[in-house]
Amino acid sequence: MTATLTIDEIRQELKKAGIAFNDYCSSLPDTAFFYQPPGKWSPAQQVKHLIEATNMARLVFALPKLIVRWYAGKPNRSSRTYDQLVDKYKSKLEQGGKASGRYIPKPISASYGKQKLLTGFEHSMNRMQQAIKRNWKEPQPDQYIAPHPLLGKITLRELGYFTIHHTYHHLENIKRMTAVSATA
């Protein structure tokens, strides 16, 4: 995705990312889903992390525009493309950027329930898509910014891009992790 995505395209891509993520995680046996390798997050923890991150992103899209502007200010540049935002995120990760604070999930036991977690993730993605559809029209997402813990202040269009990429990023992490554990 090299171009700028419209609001409708962001919503469609969020939906596709959420379905791909949920489908893969649903296919995992509970033992793999809740297994936490040393120094890594389990797939269950990654789902919990995505729920927290998506809920925070959704909140920005759900708040009145006046509050968003008051809290974060105005952008001083144009929105990046999807690829530019992904490149910036990858660069931050390569520089040692990591989740912090509320975004670090605690260990989760199998008794919590895989379906409960996946339903929570699906719910958070759906609510974000609804908030975008209900509250935002072109070109508004380029005219508002929000703070991101790793990327600094980003436009709301970029926040949509980030949420799409972040979902795929964790899906790929889970696929790598479960491929390794399946061969071990």
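Numbering (numbering that gives the first Met the number 0), first residue to last: 0 to 183. For each residue, glycine too, the CB sits at the ideal point set by N, CA and C.
Would you kindly check if the distance between the Cβ of residue j and the Cβ of residue i is under 9 Å?
| i | j | result |
| --- | --- | --- |
| residue 52 | residue 162 | yes |
| residue 42 | residue 166 | no |
| residue 27 | residue 128 | no |
| residue 68 | residue 160 | no |
| residue 168 | residue 81 | no |
Where residue i and residue j are concerned, what is the direct C-alpha to C-alpha distance, given to the nearest angstrom?
| i | j | result |
| --- | --- | --- |
| residue 111 | residue 3 | 39 Å |
| residue 170 | residue 25 | 12 Å |
| residue 48 | residue 101 | 9 Å |
| residue 36 | residue 173 | 12 Å |
| residue 31 | residue 126 | 28 Å |
| residue 89 | residue 29 | 30 Å |
| residue 33 | residue 21 | 15 Å |
| residue 149 | residue 91 | 7 Å |
| residue 84 | residue 114 | 32 Å |
| residue 123 | residue 54 | 6 Å |
| residue 109 | residue 15 | 27 Å |
| residue 104 | residue 121 | 18 Å |
| residue 145 | residue 87 | 16 Å |
| residue 39 | residue 117 | 19 Å |
| residue 240 | residue 134 | No information on residue 240 is available, as it lies outside the stretch 0 to 183 that the chain covers here. |
| residue 79 | residue 147 | 15 Å |
| residue 8 | residue 70 | 27 Å |
| residue 23 | residue 57 | 23 Å |
Report the CB separation of residue i from residue j in whole angstroms; it is logged as a contact under 8 Å.
| i | j | result |
| --- | --- | --- |
| residue 59 | residue 158 | 6 Å |
| residue 50 | residue 119 | 5 Å |
| residue 44 | residue 131 | Going by Cβ atoms, the distance from residue 44 to residue 131 rounds to 26 Å, so no, they are not a contact pair. |
Tell me residue i's beta-bridge partners as DSSP assigns them.
| i | result |
| --- | --- |
| residue 145 | 153 |
### Query
Counting Cβ pairs, one atom from each stretch, are 3 or more of them under 8 Å apart for the segment 68–80 and the segment 138–153?
Taking 8 Å as the limit for Cβ pairs, the verdict is that the segment 138–153 does touch the segment 68–80.
### Query
Counting Cβ pairs, one atom from each stretch, are 3 or more of them under 8 Å apart for the segment 133–143 and the segment 61–71?
Yes, the segment 133–143 is in contact with the segment 61–71.
### Query
Do the segment 2–21 and the segment 91–100 meet, that is, are 3 or more Cβ pairs less than 8 Å apart?
The answer is no - the segment 91–100 does not touch the segment 2–21, with fewer than three Cβ pairs under 8 Å.
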